Each structure stands twice: as structure tokens, then as C-alpha cells.
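Numbering (the working numbering), first residue to last: 28 to 179.
From the three backbone atoms N, C-alpha and C, an ideal C-beta is built for every residue, glycine too.
Fair warning: this is a prediction, and the values are worked out from it, not measured in the lab.
A quick write-up on the structure given underneath.
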């Protein structure tokens, strides 16, 4: 299992206090950042799978496209592709192939945004099964989040 990052995003566990929600826990003077990797490459014999963690419209540690679900969805897809590209261009896979998206889970904050998000995702991931879920997202200004699995 190998962690994979996105060069356009700050690692979530390195987020500054200004973007973290809530209050510090217990006696701590600081809020605790999320503890996850942008992606994990799992290699098991001849099978290689990249799991891309819940990804949103964040560059650096800043939300992009506030109030615009279409822009947020496109930036999120670009972020997923950047994580996938890190694996494709590295020596981790020994291949120069982009991989195939085998599953996507798309979380949408507002039911009225479902159609726009579905249309964009179906356009970008024509052959992958996609599950759309109405759910809360980790930041107030984020409208969608996507998890992905790729077979390499």
C-alpha cells in the first residue's frame, strides 16, 4: 500500500487552522485536521487498484468555485485525475496507462444540484458505474465530493 498525493492540494493532515471546522477537542489548543491520504495504491500480485479518497473542489487548501456546483464538480474531477496521473507517471505501476475507473461515489449536498452534477460526471466517466448520494460535505462552502476507484 503506497500513499499518493495531489501536487495541487495541501495534504489534509497539514491543513491550517483557518480552514478547519469546529472547535479544538478537550484540552487541545488547536483543531485536529483530517487524517487521510488523497489516494492509496494497493498492489496485490498482478492487480493494482488506486483508491482516491473523497475529493472536492480544493486547490492548495482553499475552496474553488464557491456557490457554483458545475465549477466545483469540474475542479473535483481534475483533482481526481491529478491523483491518478501521479500513479500513471510514476514507477509504482511500471505502466504508462491511465487506468480504468471502476467505481465512483458522488456526494451532493443539495438535491437541486443532482442533475448538473450527474450530467458532468456521466460526461467525464462514460464507462464507470457511478453512485450518486445526497449527503453533507466536509466544508460549508463545498457542494460536492467524489470518491473513485481505478483499476490499473
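Of the listed residues the options, nearest to residue i (C-alpha basis)
i           : options               : result
residue 42  : 76, 173, 86 and 72    : 86
residue 143 : 91, 60 and 95         : 95
residue 138 : 127, 160 and 131      : 160
residue 135 : 89, 167, 39 and 52    : 167
residue 82  : 76, 74, 91 and 75     : 91
residue 154 : 141, 176, 129 and 140 : 129
residue 110 : 93, 72 and 67         : 67
Rounded Cβ spacing between residue i and residue j (contact assumed at less than 8 Å)
i           : j           : result
residue 101 : residue 133 : That pair is no contact at about 13 Å.
residue 106 : residue 50  : Contact flag wrong, Cβ pair sits at about 28 Å.
residue 69  : residue 28  : 5 Å
residue 38  : residue 113 : Not a contact, Cβ separation roughly 13 Å.
For residue i, three-class secondary structure by DSSP
i           : result
residue 62  : coil
residue 81  : strand
residue 30  : strand
residue 42  : coil
residue 105 : helix
residue 37  : coil
residue 113 : helix
residue 9   : Lying outside 28 to 179, the shown extent of the chain, residue 9 is not represented and no answer is given.
residue 145 : helix
residue 161 : strand
residue 168 : coil
Residues near residue i in its chain [Cβ-Cβ closer than 6 Å; skip 5 each side]
i           : result
residue 64  : 30
residue 162 : 134
residue 127 : 178
Chain-order list of residues whose beta-carbon lies under 8 Å from that of residue i (same chain, five-residue window excluded)
i           : result
residue 165 : 48, 61, 81, 83 and 172
residue 176 : 76, 77, 78, 79, 128, 129, 130 and 131
residue 140 : 96, 170 and 171
Own chain residues within Cβ distance below 7 Å of residue i, not counting five before or after
i           : result
residue 46  : 88
residue 151 : 104
residue 52  : 59
* Examine the Cβ distances between the stretch 51-60 and the stretch 143-152 and report whether three or more of them are shorter than 8 Å. => no
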